[in-house]
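Asks: Quick mapping for you: the protein sequence lines, in order, are chains A and B. Heads up, the first sequence is in this note's numbering, so the first residue is 1 and it goes up one at a time. Heads up, the second sequence is in this note's numbering, so the first residue is 869 and it goes up one at a time. The structure is given below, and queries will be raised subsequently.
Number of protein chains: 2
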Amino acid sequence: MPSRRPAARPRATGLPPSVVAFAPLKVDAGPWTVDDVGWKGLSLLRMASAGLPVPPGFVLPVSLCQRLLDRQFGSADLARLISRAVADLDCAAVPFLGSDHPPLYSVRCSPSSPLPGLMPPLLNVGLTDAVMDQLKHQDEGDFACDCLSRLIPAYAEHVLSLAPQPFEAVPVPPESPRQSAERCRRIYLSLTGQEFAPSPLAQVISAILAALRSWDSPRARLARKRSDTALGLAVVVQAMVFGNRDSHSATGIAFSRDPSTGQNEMRGEYLPIAQGRDLFSGVHRPLPLATMRQRSPRMWACMEEMRRRLEKELGEVQDFEFTIEKGRLYLLQTRTARRSATAAIRIAVELVDDGVILADEALRRTDPTMVEAGLHPMLDANTLRRLLAKGLPASPGAGGGRIAFTAQETITRASQGERILLVRQETEAADVAAMAQCDAILTSTGGMTSHAAVVARGMGVPCVVGASELNIDAQRRRLSTPDRVFVAGDFLTIDGGTGEVYEGTIPIVPGELASEAFRLLQWADRRRRLRIYANADTPTEACLARSMGAQGIGLCRTEHMFFQDQRLAGIRRMILCEAADVAGRHRILEELLPMQRQDFIGLFESMEGQTVTIRLLDPPVHEFLPRSPGDLKSLARDLGSSVEEVTQRIEQLRETNPMLGHRGCRLCLTMPEILEMQVQAIVEAGAYCLHWGRPVRPAILLPMVMDDRELAWLVTQVRSAAEAVMRRLGVRLEYDVGTMIEVPRAALLAGRLAPMVDFFSFGTNDLTQMVCGISRDDCQGFLADYLRSGIFPADPFARLDVEGVGQLVQMAVEQGRAANPKLQCGLCGEQAGEASTIAFCEKIGLDYVSCSPYRIPAARLAAARCRL
Amino acid sequence: MPSRRPAARPRATGLPPSVVAFAPLKVDAGPWTVDDVGWKGLSLLRMASAGLPVPPGFVLPVSLCQRLLDRQFGSADLARLISRAVADLDCAAVPFLGSDHPPLYSVRCSPSSPLPGLMPPLLNVGLTDAVMDQLKHQDEGDFACDCLSRLIPAYAEHVLSLAPQPFEAVPVPPESPRQSAERCRRIYLSLTGQEFAPSPLAQVISAILAALRSWDSPRARLARKRSDTALGLAVVVQAMVFGNRDSHSATGIAFSRDPSTGQNEMRGEYLPIAQGRDLFSGVHRPLPLATMRQRSPRMWACMEEMRRRLEKELGEVQDFEFTIEKGRLYLLQTRTARRSATAAIRIAVELVDDGVILADEALRRTDPTMVEAGLHPMLDANTLRRLLAKGLPASPGAGGGRIAFTAQETITRASQGERILLVRQETEAADVAAMAQCDAILTSTGGMTSHAAVVARGMGVPCVVGASELNIDAQRRRLSTPDRVFVAGDFLTIDGGTGEVYEGTIPIVPGELASEAFRLLQWADRRRRLRIYANADTPTEACLARSMGAQGIGLCRTEHMFFQDQRLAGIRRMILCEAADVAGRHRILEELLPMQRQDFIGLFESMEGQTVTIRLLDPPVHEFLPRSPGDLKSLARDLGSSVEEVTQRIEQLRETNPMLGHRGCRLCLTMPEILEMQVQAIVEAGAYCLHWGRPVRPAILLPMVMDDRELAWLVTQVRSAAEAVMRRLGVRLEYDVGTMIEVPRAALLAGRLAPMVDFFSFGTNDLTQMVCGISRDDCQGFLADYLRSGIFPADPFARLDVEGVGQLVQMAVEQGRAANPKLQCGLCGEQAGEASTIAFCEKIGLDYVSCSPYRIPAARLAAARCRL
């Protein structure tokens, strides 16, 4: 009898070495982990513990195996231990299996996580002439011979380390099992000079030692070296059940639910009269599991019952191995099934419905990227593709179209209904209108936060950036790789989720939030504390954001509103007019005012009274200025000036480091009229909405602040401009004023800034650039080196650099709150949609994060998960 | 008798109002300040307290005057108070002055610091017919009439507020004093309808009230409003002495030492038979004080004695007013003399020699900028100048020459012996060689830390930057202002200490450290704790630095070594060769190695065993690449490539924000060969010096570090490269390894970086750019606004921003030292030479600062002063 007491956990040193027996009686799997008994051992213990039909066996735990490997445990001791364990196993197995012959054994490696290079399972161990005779006597001679001709070659190869080739010659004409067994015996004799006649116990011990030897095989060593976690090896010895016994026997694998779609139906394959690897050998074609329903309704019912119990006991969708012997079902191995993102969400939600798990557990199991993945159009998986190049996956979703090299070309052809792929070395502000109209964007330079990437993500347009293998020659309208050339009008397809670029057209299937995802996100919303806002610049984006579950707009970048043709011309004239020409600027701003007001009315109406945070004009003025000869010419005409003069003036405004130049609130200091116009537009828009009975909640956000005296001046300007409009209109509008914390100095002086404002918005794009000294437009040259060498664990523009930038954010939050307990704090950088960043925001007690609309579902989920 | 007890300090409220009497007996000036008795009152009290010959008098202190102004003190009370004080004064004055008539009085305003718009001193107050008669009786009728004709118009104007014009008509023919007095009486009668006949006491009280009224005159009010300190008014009433009494009488002003040169000789002017303002009236030409020596040796001796006593008592060079009456010398006012920087240093040192003050006091009195000012050539003060424009004073000293617009032109013509003024919109790395050869540099853009400013300061070449009124057209080789045009070869002169640009040639006088400055700096060296290092890139700069007192090189920027023709070509080829062409890079680096080694040998030898901190290559690679068509062509030839290809490759390397781009140690990660070559050159140079018995102390400095894993990698690279060289050469060289802290993230992670290095070098130029988000190359557009509006109290690139950048530096020092108690910390930004920055460095316990050679003397002084 195997010991029924739960064996002392092998980790507790000092206790005598022992094996861990399991089945047929329940054992308590509770205290065991993969580090003690390996993953296969654990799955058997857990199934046995749940009373599932597992053939009895025992595990040599990791601690014991380690002592054997270290030669701290002698072979005589091992022989004694195994002899007793096998005797106990035999006692348990015979009644459990209802067997009329001594059991055979399988010997399997059970590493703490899957590892290549280990010995494959050794089956039918313990088969001797005595057992053969007994089986023949029961008219099962063929079955016995089949087992023997499986055992001998495997034993020779793995236990004796002989070359497998002599056994592999396929005899012609085909043999009977008996002939086959005879041939194996003969070959074994010729290779070893001995008959195949070891005792069952000797076979088991030899197989165990062979399993241990494989731990040090070259492949296993290399794989262990590469692994970043410590691994251990256990060995499982288990009584055999035989899928090859008769026509009521079979072996197979099954998924307890569909791993692609999550549908609540078993999937898998099986093969009658087969054993072990036959299923994958390619000699016999396995049957789809679904056919069992017709072919063997009783077995199917057993399987259904089994998958239900498995899921109930293990709480997760399972990928399990089974064997049917003479119509009786046994489970040999199980593990949590790998599944697609869609399937994972559906399964988690349905497991909650089935009462298997709680909603919190469903949230815990669903990685936020899974929700995001489901949202974007995908390439049809069943189409042949020809990979052309690989860039960075800048904005998820698949898309494609005919190549266009300029913004103009894109707009013209897209408006004629063509699907367009905009191809640029890099995009710039002037491309924004075209970017909104194309199907997908591809650039050869730039990183995950380049202009193209940021804008595309915001718009939800699929985008691949930094595909550096591509040579883009916009002037000659050619895109080339070393061996291929494409011209404008050729068709390409990209996958913005993987960064891949393909030739030609590939069918695209639409992505959408499944109803299960909606339910999951509702549970998430109940759990989370962080508010999730959207970065949205237009009413369209705002509507999209709301449909994704945004609770407000955390960042509306007003500069994007100025890139429309009519406005851009005005902005350009304003920038180029003389510094002293205040009247000229006023005139232009008066033209822009009604358009801005309309923008804000649209946003306010879309958000229906939720917070709309509007950031005043931020970018370096140079971004608005034209570069192409045509644009220069028309601007010169507008200004009544020569192209040379205009070019010279633009040249004067060019900055060496525009990131750190004349931008943000610095523009307000030199041109306060712009601030006044924007505040006027915001307040008038708010008043308009109030007049029509629609609630509004504007928040005005000041960019690039770095000093307390500076902020004091700005807040005064904003408040007095707003006050003037309200007095004129006779309305009272509640609004907040906040400051971006995107310059390190602002974070350092947070305690002085906080009393002047209602909220802090951490702009972690710029903050990361300045704290790390990395220009996101220029980092493609070296950031890859930094990621490859492990200096950076992740792109700091995609995942917040908690050690550096995060430290500063945390300091600023603490000091800001100390100085102004009502201060609201949020994060609006690109990282705001990423799960580990959100966990950090939760940890330091931010009030909200603001990310691009398509990232909102993932953010909602992430914000809930970090509360579990 | 006036009260001899020191009057209770008027600040102590509650006590009855009282006047403060002084002379002829000593009073204790100790408890009084300018806030109690005004600056004139205090100077009289202090002289009287020292027993110097001051006519007796009393002060109406600020507190009393304030009560009078506030009408909290009635006129009857005032009359009682003054009546008693005047009576006491009379008792004291008559014996002291040896007078045979009742004293007259002067009534003077004594504000707490000089203020325009107050009543001028009112002299001869108290003159009545009775006194007139008595003087006439003593044959002093003319003197008496002179006094009366001075009193009446002044009394009418200031006490009665009458217009002064009626008195100003010059009578023809000239009158006798008697006629003059009669005329004044007549005019007074006609203006007031009364004879001039107030009693002496009434005159004094009226004069006091007039003095108080002037506190609220429009000019005084405006000046008080503009003043940033609280001001108060006291009034002094003093017995008159008469420089107009006879031919043995005179009045004058004197400096106790020469205020321009500091020479230990009195300077000043005097006028015999004169009173008060006669000295400045222009009617009589005053005599140089030196003429008194011949004209009146006895008086001169009195004066000499007096200046000695004054300096001894007041401990400072004095600017004093005196009156000689009948051969007797009286002092009427004294104050610390304004003096030139040179004079200030010489005087301070000689006062120590004279035993008047201690060395520490001399240090306290000498502003560090004074030492610096003396070092640079200056424009001859006696030449007419025509100001053309004004820019920023980027590198002190005067210089001038013929205009050259390109580096090539400068080098060619300078090598022919011409004095050249290099004129550029802005300079760039490729101009460095030319900058070293020209006499002065002028740019139209850039700020105090633009390339031109930094490099010029390092070289000690006079430089004016950001002279934005100038339009520089290098292509047409023209420099123009709105009304003038200059071409190449025209002569201009600049003053880098003031930022002024002049037409033509102006004689320039050389500047040098006077011997007194050397002695002062020796005292400073004994006092200071901070070590002063130099930023020096060449042996010439190193020698200059040592002559200025540097204790080592804190920063050698190796990039400057590469800008020589031969090396630049190699560097350019290296940058442009394919990323994978490691062999090609190695070949070029092998060519550069012997040159670098020679550079370092030169530095080590110049510094004779002092620390030489060598920073590995730092700037963005783009700085090395050519722009001019000629250079592009020759580079293309070198590379065997077309100009188009080279231009395209350069374009690919261009960065949007080079400051935050691929530079510093990031180059080491992508091209470790450069680091290896530089370390090899350093170690080989050190070994060479050791071999010849010369001590060396190299320190290797890693630029742009931002991460601990990055630093670990770099330190390993440096140490293993150095180890390899030492093993090969069989030497052992002690060297330090340090990291720049110039990226905010490095400061935030200081605790992790410190254990890996020997020292931190705070690069506050870059740190300021990143912490404040201000590119120093682009800030001219808005930094001026920030300074003007007071948001920034000073240019953060010239004076460390203690609140922001300083906070981060302090944090990093604390965390660094906690993790590595042996860590040395220094600051090597441009601010390191500025006094308040040095005081901050002292406060936070840095070990050294490193500045450009010419700033070292000032830095030595500043480092001492902050220890006093």
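Every residue gets a Cβ at the ideal spot worked out from N, C-alpha and C, and that includes glycine. This structure is a prediction, so every number in the text was calculated from the model and none was measured.
Using a Cβ-Cβ cutoff of 8 Å, what residues of the stretch 782 to 793 of chain A are near chain B? List them in chain order.
Replies: Hits within the stretch, in order: Phe782, Asp785, Tyr786, Ser789, Gly790, Ile791, Phe792.
Asks: Just to confirm, are Asn1633/B and Phe1660/B a CB contact at a threshold of 8 Å?
Replies: No, the Cβ-Cβ distance between Asn1633/B and Phe1660/B is not below 8 Å.
Asks: Less than 8 Å between C-beta atoms, sequence neighbours within five positions excluded: which residues of the same chain meet that for Glu195/A?
Replies: Correct list, in chain order: Arg185, Tyr188, Leu189.
Asks: Look at the alpha carbon of Leu1003/B and the alpha carbon of Ile1020/B, and state the distance between them as a whole number of angstroms.
Replies: C-alpha separation (whole angstroms): 17 Å.
Asks: Where do the ends of the beta strand (DSSP E) carrying Arg615/A lie?
Replies: Segment 611 to 615, the beta strand (DSSP E) holding Arg615/A.
Asks: Determine, using beta carbons only, whether Met1608/B comes closer than 8 Å to chain A.
Replies: No - not a single Cβ of chain A is within 8 Å of the one on Met1608/B.
Asks: Closest Cβ-Cβ distance between Glu1698/B and chain A: below 8 Å?
Replies: It does not; no Cβ of chain A falls within 8 Å.
Asks: Which of the residues in the stretch 1515 to 1546 of chain B, read from start to end, lie with their CB under 7 Å from any CB of chain A?
Replies: The residues in question are Glu1523, Thr1524, Asn1525, Pro1526, Met1527, Leu1528, Gly1529, His1530, Arg1534, Leu1537, Thr1538.
Asks: For Val509/A, write down the residues that DSSP places opposite it in a beta bridge.
Replies: In the DSSP output, where bridge partners are listed per residue, Val509/A has Met378/A.
Asks: Going by other Cβ atoms of all chains shown within 10 Å of its Cβ, with 16 needed for buried, is Ala858/A buried or exposed?
Replies: Per the 10 Å Cβ criterion, buried.
Asks: Is the beta carbon of Val1586/B closer than 8 Å to that of Val1611/B?
Replies: No, Cβ-Cβ distance for Val1611/B and Val1586/B is not below 8 Å.
Asks: Looking only at its own chain, which residues have a Cβ that is under 6 Å from the Cβ of Gly38/A, when we skip the five neighbours before and after it?
Replies: Closer than 6 Å at the Cβ level, and outside the excluded window around Gly38/A, lie Ser110, Pro111, Ser112, Ala234.
Asks: Of the residues that make up the stretch 692 to 715 of chain A, which ones have a beta carbon closer than 8 Å to any beta carbon in chain B?
Replies: The residues in question are Met704, Met706, Asp707, Arg709, Glu710, Trp713.
Asks: Report the partner residues of Leu392/A according to the DSSP bridge assignment.
Replies: DSSP output for Leu392/A lists Val465/A as bridge partner(s).
Asks: Just checking: is the beta-carbon of Gly816/A within a distance shorter than 8 Å of some beta-carbon in chain B?
Replies: No - not a single Cβ of chain B is within 8 Å of the one on Gly816/A.
Asks: Within this structure, are the beta carbons of Val107/A and Ala274/A separated by less than 8 Å?
Replies: No; because the gap between Cβ atoms is not below 8 Å, this pair is not in contact.
Asks: Got a sec: is the Cβ-Cβ distance from Val235/A to anything in chain E below 8 Å?
Replies: In the structure shown, chain E does not exist; the protein chains are A and B.
Asks: Pick out whichever of Arg697/A, Pro507/A, Ala440/A, Arg637/A has its Cα sitting closest to the Cα of Gln551/A.
Replies: Of the listed residues, the one whose Cα sits closest to Gln551/A is Arg697/A.
Asks: Among Thr498/A, Ser256/A, Tyr270/A, Phe255/A, which residue has its Cα nearest to the Cα of His376/A?
Replies: Comparing Cα-Cα distances from His376/A to each of Thr498/A, Ser256/A, Tyr270/A, Phe255/A, the minimum goes to Thr498/A.
Asks: In whole angstroms, give me the CA-to-CA distance for Ala862/A and Ile411/A.
Replies: Looking at the two C-alpha atoms, the distance is approximately 37 Å.
Asks: Less than 6 Å between C-beta atoms, sequence neighbours within five positions excluded: which residues of the same chain meet that for Arg1685/B?
Replies: Only Leu1691 meet the Cβ criterion.
Asks: Where Val854/B and Leu1381/B are concerned, what is the direct C-alpha to C-alpha distance, given to the nearest angstrom?
Replies: Nothing can be reported for residue 854/B: it is not among the residues displayed for chain B, which extend from 869 to 1736.
Asks: Short of 6 Å in beta carbon distance, which residues of its chain neighbour Pro177/A, apart from the five on each side in sequence? Order them along the chain.
Replies: Once the five neighbours on either side are set aside, the close Cβ partners of Pro177/A are Asp142, Cys145, Asp146.
Asks: In chain order, what residues of the stretch 623 to 639 of chain A put their CB closer than 8 Å to some CB of chain B?
Replies: Those residues of the stretch 623 to 639 of chain A that come within reach of chain B (Cβ to Cβ, closer than 8 Å) do not exist; the list is empty.
Asks: What are the complete beta strand (DSSP E) segments, minimum 3 residues, inside the stretch 1626 to 1677 of chain B?
Replies: The qualifying runs are 1627 to 1630.
Asks: Check whether the Cβ atoms of Arg1207/B and Val1239/B sit closer than 8 Å, and answer yes or no.
Replies: The answer is no: Cβ separation not under 8 Å.
Asks: Classify Cys91/A: buried if its beta carbon has 16 or more other beta carbons within 10 angstroms, exposed otherwise.
Replies: Exposed.
Asks: With DSSP collapsed to three states, give me the class of Gly1684/B.
Replies: Gly1684/B: helix per DSSP, three-state reduction.
Asks: Among all the DSSP beta bridges, which residues are the ones paired with Tyr155/A?
Replies: Per DSSP, none; premise fails for Tyr155/A.
Asks: Helix or strand or just coil, what does DSSP make of Gly252/A?
Replies: Strand, per DSSP.
Asks: Within the chosen definition, does the stretch 65 to 75 of chain A reach the stretch 346 to 359 of chain A through at least 3 CB pairs nearer than 8 Å?
Replies: With a cut-off of 8 Å, the stretch 346 to 359 of chain A and the stretch 65 to 75 of chain A do not count as touching, because too few Cβ pairs lie within range.
Asks: I need the boundaries of the alpha helix (DSSP H) containing Glu1491/B, first residue and last residue.
Replies: Unbroken run through Glu1491/B: none, as it is neither H nor E.
Asks: In the DSSP output, which residue or residues are listed as bridge partners for Gly1508/B?
Replies: The partner list for Gly1508/B (beta bridge, DSSP) is empty, contrary to what the question assumes.
Asks: So, is the C-beta of Pro1612/B closer than 8 Å to a C-beta in chain A?
Replies: Closer than 8 Å to some Cβ of chain A, the Cβ of Pro1612/B qualifies, so yes.
Asks: If you follow the alpha helix (DSSP H) that Val863/B is part of, which residue opens it and which one closes it?
Replies: The structure shown does not extend to residue 863/B, since chain B is modelled only from 869 to 1736, so the question has no answer here.
Asks: Identify whether Val737/A lies in helix, strand or coil by the three-state DSSP scheme.
Replies: Residue state, collapsed to three classes: strand.
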